[in-house]
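Residue numbers (this note's numbering): 687 to 801.
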C-alpha cells in the first residue's frame, strides 16, 4: 500500500487549505482512512477518519472546522481545513487500515498557519 499526500503549505490564520491523499494497493487495506498531525514537541494525534461508506468522526480540536471526505472510485481521501489557527500548524499524515487507520502511513505534508 502506498499513500501519497499533498496540499500542505503556508496559510494565514482564518484561511483554508485542502489536503489530498491518493492510495494505491489492495482496497482492503484502506477501508478506513484518516488524517493525523504532529506538531513540534507533541505527540501525533488523529484529527479525522472516515470509513469506506462515508462515516466520519473528528477530534474535538478540529470539529466544525475540518471536513474529511473520500472518493472511493479514485481511492483518494481529502481533508478540507477551514478557519485555520496557529495551533493547527503541524506535519499532517494520511493513513489507512482495515478497522483503524494506523496500519499504513503516507509521508507527511507540512501545514504552517502564520501571518
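Glycine included, every Cβ here is placed at the ideal spot set by N, Cα and C.
Segment limits, beta strand (DSSP E) that includes residue i
i	result
residue 719	718-724
residue 753	752-757
Straight-line gap, residue i to residue j (C-alpha atoms, nearest Å)
i	j	result
residue 698	residue 790	31 Å
residue 713	residue 796	26 Å
residue 772	residue 799	5 Å
residue 784	residue 738	10 Å
residue 770	residue 718	25 Å
residue 782	residue 754	13 Å
residue 727	residue 741	31 Å
residue 786	residue 757	18 Å
Per-residue DSSP class, three states only, for residue i
i	result
residue 708	strand
residue 761	coil
residue 772	helix
Residues bridged to residue i (per DSSP)
i	result
residue 791	781
residue 767	703, 752
Query raised in the report: Looking at C-beta atoms only, is the number of pairs between the segment 756-764 and the segment 705-712 that lie closer than 8 Å three or more?
Result: yes
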